[in-house]
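Have a look at the structure below, then the notes.
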Amino acid sequence: MYIERFSHYGAWRHVAPSAKGIFTLSGLSAAFLAATVPAAAAVTLVFALLTLGVARVAWRSYLLILAPALFFLALSAFSIALSLSWGDSWHDVSFSFPPQQLEQAMLVCTRSLACLCALLFLALTTPLGDMMALLRRLRTPELLIDIMVLGYRSLFVFAQVVSDTRTAQMARLGYISAHRSLRSLGMLIAHTTLQLWQRAGQLHAAAQARSGEGPLRFADQTFPHAGRDSLIALLAGSGLNIAMVIAG
Amino acid sequence: MHIMEGFLPADHAIGWSLASAPVVAYGVYSLGQKVRKHPEYRMLLGVAAAFTFILSALKIPSVTGSCSHPTGTGFGALLFGPTAMAPVGLVVLLFQALLLAHGGITTLGANIFSMAIVGPFVAYSVFRLARIFRLPFGMAVFLATFSANLMTYLTTSAQLALAFPDPVGGFVASFAKFASIFALTQLPLAFIEGLLSVLIFNALKRF
Amino acid sequence: MTRAILEFQAVHYSYPDGSRGLDDCTFMIAEGERTAVLGANGAGKTTLLLHTNGLLQPQQGEVLYDERLLNYRRAELVRLRTDIGMVFQNPDSQLFSASVREDVAFGPLNLGLAAEEVQHRVDRALAAVHLNDCAHKPVQHLSFGQKKRVCLAGVLAMHPRVLILDEPMAGLDPAMQDELLNLLNELHASGLSVVLATHDLDFAYQWSNTMVIMDAGKCVARIPTDALSAQQEVLTRFGLGLPFVVQVWNALGSPRSTPPRTVEELCRYITERN
Amino acid sequence: MTRAILEFQAVHYSYPDGSRGLDDCTFMIAEGERTAVLGANGAGKTTLLLHTNGLLQPQQGEVLYDERLLNYRRAELVRLRTDIGMVFQNPDSQLFSASVREDVAFGPLNLGLAAEEVQHRVDRALAAVHLNDCAHKPVQHLSFGQKKRVCLAGVLAMHPRVLILDEPMAGLDPAMQDELLNLLNELHASGLSVVLATHDLDFAYQWSNTMVIMDAGKCVARIPTDALSAQQEVLTRFGLGLPFVVQVWNALGSPRSTPPRTVEELCRYITERN
Numbered sequence: 001m002y003i004e005r006f007s008h009y010g011a012w013r014h015v016a017p018s019a020k021g022i023f024t025l026s027g028l029s030a031a032f033l034a035a036t037v038p039a040a041a042a043v044t045l046v047f048a049l050l051t052l053g054v055a056r057v058a059w060r061s062y063l064l065i066l067a068p069a070l071f072f073l074a075l076s077a078f079s080i081a082l083s084l085s086w087g088d089s090w091h092d093v094s095f096s097f098p099p100q101q102l103e104q105a106m107l108v109c110t111r112s113l114a115c116l117c118a119l120l121f122l123a124l125t126t127p128l129g130d131m132m133a134l135l136r137r138l139r140t141p142e143l144l145i146d147i148m149v150l151g152y153r154s155l156f157v158f159a160q161v162v163s164d165t166r167t168a169q170m171a172r173l174g175y176i177s178a179h180r181s182l183r184s185l186g187m188l189i190a191h192t193t194l195q196l197w198q199r200a201g202q203l204h205a206a207a208q209a210r211s212g213e214g215p216l217r218f219a220d221q222t223f224p225h226a227g228r229d230s231l232i233a234l235l236a237g238s239g240l241n242i243a244m245v246i247a248g
Numbered sequence: 001m002h003i004m005e006g007f008l009p010a011d012h013a014i015g016w017s018l019a020s021a022p023v024v025a026y027g028v029y030s031l032g033q034k035v036r037k038h039p040e041y042r043m044l045l046g047v048a049a050a051f052t053f054i055l056s057a058l059k060i061p062s063v064t065g066s067c068s069h070p071t072g073t074g075f076g077a078l079l080f081g082p083t084a085m086a087p088v089g090l091v092v093l094l095f096q097a098l099l100l101a102h103g104g105i106t107t108l109g110a111n112i113f114s115m116a117i118v119g120p121f122v123a124y125s126v127f128r129l130a131r132i133f134r135l136p137f138g139m140a141v142f143l144a145t146f147s148a149n150l151m152t153y154l155t156t157s158a159q160l161a162l163a164f165p166d167p168v169g170g171f172v173a174s175f176a177k178f179a180s181i182f183a184l185t186q187l188p189l190a191f192i193e194g195l196l197s198v199l200i201f202n203a204l205k206r207f
Numbered sequence: 001m002t003r004a005i006l007e008f009q010a011v012h013y014s015y016p017d018g019s020r021g022l023d024d025c026t027f028m029i030a031e032g033e034r035t036a037v038l039g040a041n042g043a044g045k046t047t048l049l050l051h052t053n054g055l056l057q058p059q060q061g062e063v064l065y066d067e068r069l070l071n072y073r074r075a076e077l078v079r080l081r082t083d084i085g086m087v088f089q090n091p092d093s094q095l096f097s098a099s100v101r102e103d104v105a106f107g108p109l110n111l112g113l114a115a116e117e118v119q120h121r122v123d124r125a126l127a128a129v130h131l132n133d134c135a136h137k138p139v140q141h142l143s144f145g146q147k148k149r150v151c152l153a154g155v156l157a158m159h160p161r162v163l164i165l166d167e168p169m170a171g172l173d174p175a176m177q178d179e180l181l182n183l184l185n186e187l188h189a190s191g192l193s194v195v196l197a198t199h200d201l202d203f204a205y206q207w208s209n210t211m212v213i214m215d216a217g218k219c220v221a222r223i224p225t226d227a228l229s230a231q232q233e234v235l236t237r238f239g240l241g242l243p244f245v246v247q248v249w250n251a252l253g254s255p256r257s258t259p260p261r262t263v264e265e266l267c268r269y270i271t272e273r274n
Numbered sequence: 001m002t003r004a005i006l007e008f009q010a011v012h013y014s015y016p017d018g019s020r021g022l023d024d025c026t027f028m029i030a031e032g033e034r035t036a037v038l039g040a041n042g043a044g045k046t047t048l049l050l051h052t053n054g055l056l057q058p059q060q061g062e063v064l065y066d067e068r069l070l071n072y073r074r075a076e077l078v079r080l081r082t083d084i085g086m087v088f089q090n091p092d093s094q095l096f097s098a099s100v101r102e103d104v105a106f107g108p109l110n111l112g113l114a115a116e117e118v119q120h121r122v123d124r125a126l127a128a129v130h131l132n133d134c135a136h137k138p139v140q141h142l143s144f145g146q147k148k149r150v151c152l153a154g155v156l157a158m159h160p161r162v163l164i165l166d167e168p169m170a171g172l173d174p175a176m177q178d179e180l181l182n183l184l185n186e187l188h189a190s191g192l193s194v195v196l197a198t199h200d201l202d203f204a205y206q207w208s209n210t211m212v213i214m215d216a217g218k219c220v221a222r223i224p225t226d227a228l229s230a231q232q233e234v235l236t237r238f239g240l241g242l243p244f245v246v247q248v249w250n251a252l253g254s255p256r257s258t259p260p261r262t263v264e265e266l267c268r269y270i271t272e273r274n
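Residue numbers (the numbering used here), protein chains in the order written: chain C, 1 to 248; chain R, 1 to 207; chain H, 1 to 274; chain A, 1 to 274.
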């Protein structure tokens, strides 16, 4: 949940989410247009540097956020690069790393990294609430938005409930061995599951108390320079894409 | 197991999104019907999404000593039904992409397909089947959640194999590669998730 | 006697699990009053509050709203819930949205107001609870006391006539309690009637002008706080004890008929006398 | 001076989100004492308590346990968490089993004790908190006060030397508070050391024999409660105010050097003097 914290306090917090969205999408498309490893790496660099610059993220934290994805990347790249071939019998398997597969793995990895950095640019500069407001304007089905809004808020409440209960279990040695851990975890989840209905009931009562029976209604936040920001984003994004086409 | 942002080729990313869209749309439609009748259900769905997210972020102690995360969608399907899990899963996967950098936007369709569609439906049907064969409740829960986790990971392997077929062995060889490499982490995880779900349901029954 | 906004007559309510909520409960909220509802845990305080804005409906008995019988139709519920704003005890179970402004706007939007009016009300409500600075912070980054004030703002934005609060002081440290107390006084001064349920007899004695005692689902007494010294046995009979100030006052031999309300006043009196 | 069970030396802790927890905090738990930790919300009381049984580990500074440096290895943590039992504020987040007995048995089972011994301990712990009747009830049917006592039993069943409680009185009505107070006194009399964090200065003054004041992550003062009247400016300096009884005592002109501890004693003194 590091990302959430940075997203509220960056320098571009008040740039229109639509603009940041457009720029991120153009980043994704540029990454897919990039035909060579250096081209994709360039996209990665553009977004990584931009993010480090405007989101007030230390490069250490940035790497920490990237780490789990890099693990997946390493495993999958290995799988792509590896070639299996069978001989006459089942036991007769040979491994090799043919050069063109190595090359493909490299390209996929850099592209993937470029896309991730583009996504992180959006995630680290734009609070989820702003993104949900944007999705609402883009006519996402009401129910999905409601689930998102309620889910986002409840996330923190449940994180607290789970962490409090887990701490209480630890205080009574609940995670002392693998066997006891699994048992404690089962109790923890069951206990939290029961609170789902309770909390839903409380929220429903609170909504009724403020005359809300139907879909949740929310006021849109206004970003004064949305038009200008989006235009700049569109131009910058197109530039990036054209550069990729020329480079490819 | 999430496929990372940008990992699938563009045509595959679009293809999987198109494959998932109707199921999500149907889920939204049928949940909408339900919410109209029971307004409280709207809150429950939101809370359930948060819960699934938190569940997927919980570390579970695995036999190999390393820590892993359960998917929780099989468990969710048993609680809320498989149709609810497609829209809820969409929200959870979106949150994971934006808050944890797990998965991504371009791979959202593929991840929804494996985790919010295949997993929940497998869990639900296996559970139903097990109950028809009069297996004990705990056994049914174990089989349902175990196979949901397993099928999710096999679907992901198939998605990766389709995108990156082995130049010599084709899809089959590639599938074997991905499936066996990810099996290292996924097999024990599926087993533990099944076990954990049994513990949870046993505890729930006694409340 | 001031006019009654809401009147309960012999209201009876049992929860679906069979446990008693209200039992032949008669109660009223008078215009402009500061009412403190006191009673042990389980005496029915929260159930009473949930009846005041129609979240629960009496199984027997009647609720009069502005001297007319409440019929619980939709239009009337909207009016009731606009006029009588309810702040629950736990802020985490009543804030829907992670954005402060969005959450405060929830009520006004449900009333179908125009966007500008909504914005205006949100600004005013946040100003009233002194939270303008936090308007753009996400709810999860606020302190417990700030969250409580967001809940209050969400209700104020609906322009209620009556404010209902369940255990408003729970979980607040003394500094925050003072702050909230001042806030409640400001709101009361601006014309709102305030009803709150509390365990804290000293706080109720200091703040209220009417005390309502609940026991076993009934409102067993309604005492003007100023007249408390004459009716002390009611408090002791229901196991509530006596306010600290009154205890000391009694020990001093009750030199005046109306005891002071706060420790400060008590101490001033003692110092002056010596 | 009594022997220190646990000693903190210049402990520093920041939360992962960067917010301050403890900052150069020095603190000790002495054998047989009743310590009240006071401070505003966010002063670090809960963080301090979480350090006492190894749920948090200092980022700088040292914790001495029985005069030996704590190394946070597994065996030592087991011993520490057995000896120092922790009761959290909210019972709902620490009761996670379906039945009372099961919940109380959680700790002893984790200690790997034999079934008989577990049963024996559960019975004794439930008897200690006067809850034998409720042993087989499902947890969610208990009152709030009963739940608090189940939490206490769950810790007692591990046979601790020190009992740590976070805001034990929060949410209890006056009758339940009295009951819990008596219970804490019984436990203290049976040889347990008790440390609790609270907002309630009056309660702390009445109950404790040592008061520890926290401010901004530091333990800024450690006052024997009997000597409080001589050190009143410490309390006021950190915005905690003064206990009721002491305020009135001051107004009376502090006729004796040790003021009474409870309202009852104060009233008795006043009556006798008149």
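Backbone N, C-alpha and C define an ideal beta-carbon position, used for all residues, glycine too.
Remember, it's a predicted structure, so these values are computed and weren't measured experimentally.
Scanning its chain for C-beta atoms nearer than 7 angstroms, with the 5 sequence neighbours on each side dropped, one finds around C:Val161 the residues Thr192 and Gln195, in chain order.
Under DSSP, H:Phe27 forms a beta bridge with H:Phe8.
For C:Val162, the chain R residues whose C-beta falls within less than 8 angstroms of its own C-beta are Ile54 and Leu58, listed in chain order. Under DSSP, R:Leu162 shares a beta bridge with no residue.
For the C-beta of C:Tyr152, the chain H residues within less than 7 angstroms are, from N- to C-terminus, Ala98. Interface flag for H:Cys134 against chain A is unset, since no Cβ pair is found closer than 7 angstroms.
Contact between R:Val24 and R:Pro82 is absent: CB atoms are separated by about 12 angstroms, not below the 8 angstroms threshold.
A direct Cα-Cα distance of roughly 20 angstroms separates C:Gly27 from C:Leu63. Under DSSP, the beta-bridge partners assigned to A:Leu38 are A:Thr198 and A:Ile213. It is roughly 25 angstroms from the alpha-carbon of R:Gln159 to the alpha-carbon of R:Leu55. As the crow flies, the alpha-carbon of H:Leu6 is around 16 angstroms from that of H:Lys45. Interface residue (Cβ-Cβ distance to chain H less than 7 angstroms): C:Ala11 is not classified as such. Secondary structure at H:Lys137: coil, using DSSP grouped into helix, strand and coil.
With distances taken between CA atoms, H:His12 lies nearest to H:Gln60 out of H:Thr236, H:Arg261 and H:Gln60.
Of the residues assessed, R:Ile14 falls on the exposed side of the cut-off, its CB having fewer than 16 other CB atoms within 10 angstroms. Secondary structure at A:Val220: strand, using DSSP grouped into helix, strand and coil. In this structure, the beta-carbon distance from A:Leu165 to A:Leu187 does not fall below 7 angstroms. C:Arg137 is outside the set of residues whose beta carbon lies under 7 angstroms from a beta carbon in chain H. Within the stretch 156 to 201 of chain C, no complete beta strand (DSSP E) segment of 3 residues or longer occurs.
Taking a C-beta cut-off of 8 angstroms against chain A, the contacting residues of the stretch 222 to 250 of chain H are Gly239, Leu240, Gly241, Phe244, Gln247, Val248 and Asn250, listed in chain order. In chain order, Ser211 make up the part of chain C whose C-beta sits under 9 angstroms from the C-beta of H:Val78.
Contacts with chain A at 7 angstroms (Cβ-Cβ) do not include H:His141. Between A:Leu109 and A:Val118, the C-beta spacing is below 7 angstroms. Within the same chain, and ignoring the five residues on either side of C:Pro224 in sequence, no residue has its Cβ closer than 7 angstroms to its Cβ.
The three-state reading of DSSP puts H:Glu62 in strand, counting E and B together.
Put simply, the backbone Cα of H:Gln9 is about 5 angstroms away from that of H:Thr26. When C-beta atoms of the stretch 248 to 258 of chain H are compared with those of the stretch 36 to 44 of chain A, fewer than three pairs fall below 8 angstroms, so the two segments do not count as touching. Close partners of H:Ile270 in chain A (Cβ separation under 8 angstroms): Val248, Ala251 and Leu252. For the pair of segments examined, the stretch 189 to 199 of chain R was found to touch the stretch 183 to 191 of chain C: the number of CB pairs separated by less than 8 angstroms reaches three.
Under the DSSP definition of a beta bridge, A:Leu165 partners with A:Val87 and A:Leu196.
Spanning the alpha carbons of A:Arg124 and A:Leu183 requires a straight line of approximately 14 angstroms. Going by C-alpha positions, H:Arg237 is about 43 angstroms away from R:Met43. Inside the stretch 39 to 112 of chain R, DSSP marks whole alpha helix (DSSP H) runs of 4 or more residues at positions 40 to 57, 73 to 80, 82 to 95 and 108 to 111, from first to last along the chain. Distance check between C:Leu150 and each of C:Pro38, C:Arg199 and C:His14 places C:Arg199 closest, using alpha-carbon atoms only.
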